[in-house]
Amino acid sequence: MLPASRLRARMDVPAEPELDVLAVQDEVTVSGAGWVATTRTVVRARRSGVARHVVLNHVRGDALPEIRAGRDCTLGRVRTDRAAGLVAAELLFGPLGRGETFAVKHSTAATEPEPYYGHWFRTAGQHYELTLRFEPGTGARRAYRIWRLDARSPHRDVVRLRLIDGRLAHFADFDLSPGFHGIRWTGREP
Numbered sequence: 482m483l484p485a486s487r488l489r490a491r492m493d494v495p496a497e498p499e500l501d502v503l504a505v506q507d508e509v510t511v512s513g514a515g516w517v518a519t520t521r522t523v524v525r526a527r528r529s530g531v532a533r534h535v536v537l538n539h540v541r542g543d544a545l546p547e548i549r550a551g552r553d554c555t556l557g558r559v560r561t562d563r564a565a566g567l568v569a570a571e572l573l574f575g576p577l578g579r580g581e582t583f584a585v586k587h588s589t590a591a592t593e594p595e596p597y598y599g600h601w602f603r604t605a606g607q608h609y610e611l612t613l614r615f616e617p618g619t620g621a622r623r624a625y626r627i628w629r630l631d632a633r634s635p636h637r638d639v640v641r642l643r644l645i646d647g648r649l650a651h652f653a654d655f656d657l658s659p660g661f662h663g664i665r666w667t668g669r670e671p
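Take a look at the structure:
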């Protein structure tokens, strides 16, 4: 069993999802001290009574990121797998009725820089928007939209992205295929 699957099992995430993820919007600021992401995830309940969304984050460094609940939810259980660089957190909210939608917001902060950022999508059909901002002195020379099918596959460059004003990379896409979608960057400014 893969580490992410083991961590989901420790969080009692059922094999059949209770929520459909309709859209994800990430706004990330990269600095010399790491990165901070604000995420808005729009979900739809598959059944009545669903009152949580579990988020999972992976880093390559030793310091696991900190996940904080947004305005309309609270932080529940948090589980980690340090060896795999994974942290999972439960975001709790009022119970939804079947078919109801809800925007779950949370932030994630990491204290070690990473050369990429993105989001895993387990099923097809979602909307994803990613804005990546580089603080002065921490920007990239090049940015690429990346994708990978699963944890065993390497990232693949999909397209080179223009760095807007030399400090911002952005993409939005609809009807995504399953897998990891994100942005990687190379070459820090002198």
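Each residue of the sequence shown is one higher than the last, beginning at 482 in the working numbering.
Even for Gly, the Cβ is constructed at its ideal location relative to N, Cα and C.
What you are looking at is a predicted structure, and each value in this text was computed from that prediction instead of being measured.
> For residue 655 and chain C, any beta-carbon pair shorter than 8 Å?
Replying inline: Among the chains in the structure shown there is no chain C, since it carries only a single protein chain.
> How should residue 671 be labelled, buried or exposed, when 16 other C-beta atoms within 10 angstroms of its C-beta is the threshold for buried?
Replying inline: Residue 671 sits at position 190 when you count from the first residue of the sequence shown. Residue confidence for residue 671 is low, a pLDDT of 40 falling below 50, so the modelled location carries little weight; the figure read from the coordinates is stated next. Here residue 671 is exposed. Its C-beta has fewer than 16 other C-beta atoms within 10 Å.
>> Using DSSP's beta-bridge definition, name the partner residues of residue 571.
In response: As a first step, residue 571 must be located in the sequence shown, where it is residue number 90. For residue 571, which the question treats as bridged, DSSP gives the partners 535.
> Which whole-angstrom value describes the C-beta separation of residue 515 and residue 617, a residue pair presumed to lie in contact below a C-beta threshold of 8 Å?
Replying inline: In the sequence shown, the residue the question calls residue 515 occupies position 34. In the sequence shown, the residue the question calls residue 617 occupies position 136. Rounded to whole angstroms, the Cβ separation of residue 515 and residue 617 is 16 Å, and the two are not in contact under 8 Å.
>> On the DSSP bridge list, what partners appear for residue 561?
In response: Position 80 of the sequence shown holds residue 561. Partner(s): 568.
> Exposed or buried, residue 615, counting other C-beta atoms within 10 Å across all chains shown (16 or more means buried)?
Replying inline: Numbered from its first residue, the sequence shown carries residue 615 at position 134. So residue 615 counts as buried.
>> Give me the residue from 483, 564, 640 with the minimum Cα distance to residue 544.
In response: The residue you call residue 544 lines up with position 63 of the sequence shown. Of 483, 564, 640, the residue nearest in Cα terms is 564.
>> On the criterion of 16 or more Cβ atoms from any shown chain inside 10 Å, does residue 619 qualify as buried, or is it exposed?
In response: Walking along the sequence shown from the start, residue 619 turns up at place 138. Buried is the call here.
>> Check whether the segment 502–515 and the segment 551–559 touch, using three or more Cβ-Cβ pairs below 8 Å as the test.
In response: Three or more beta-carbon pairs separated by less than 8 Å are not found between the segment 502–515 and the segment 551–559, which leaves the two stretches without contact.
>> Among the candidates 522, 603, 625, whose CA atom is the shortest distance from the CA of residue 631?
In response: In the sequence shown, the residue the question calls residue 631 occupies position 150. For residue 631, the closest alpha carbon among the candidates 522, 603, 625 is that of 603.
> In this structure, does DSSP put residue 484 in helix, strand or coil?
Replying inline: For the purposes of this step, residue 484 is taken as the residue at position 3 of the sequence shown. Residue 484 falls in the helix class under three-state DSSP.
> Which residues in the same chain have their Cβ closer than 7 Å to the Cβ of residue 484, if we skip the five residues on either side of it in sequence?
Replying inline: For the purposes of this step, residue 484 is taken as residue 3 along the sequence shown, with counting starting at 1. For residue 484, where only same-chain residues beyond five positions count, the Cβ hits under 7 Å are 562, 565, 567.
>> Our contact map puts residue 526 next to residue 580 with C-beta atoms below 8 Å; I'd like the distance itself, whole angstroms only.
In response: Taking the first residue of the sequence shown as 1, we reach residue 526 at position 45. Taking the first residue of the sequence shown as 1, we reach residue 580 at position 99. Rounded, the Cβ-Cβ distance is 7 Å, consistent with contact.
> What's the gap between the Cα of residue 556 and the Cα of residue 643?
Replying inline: As a working note, residue 556 is residue 75 in the sequence shown. As a working note, residue 643 is residue 162 in the sequence shown. Computed Cα separation, rounded: 36 Å.
> With distances taken between CB atoms, is the gap from residue 652 to residue 626 smaller than 8 Å?
Replying inline: Position 171 of the sequence shown holds residue 652. Position 145 of the sequence shown holds residue 626. Between residue 652 and residue 626, the C-beta spacing is below 8 Å.
> Between which two residues does the beta strand (DSSP E) carrying residue 623 extend?
Replying inline: Reading the sequence shown from its first residue, position 142 is the one you call residue 623. Here the beta strand (DSSP E) through residue 623 covers 621–629.
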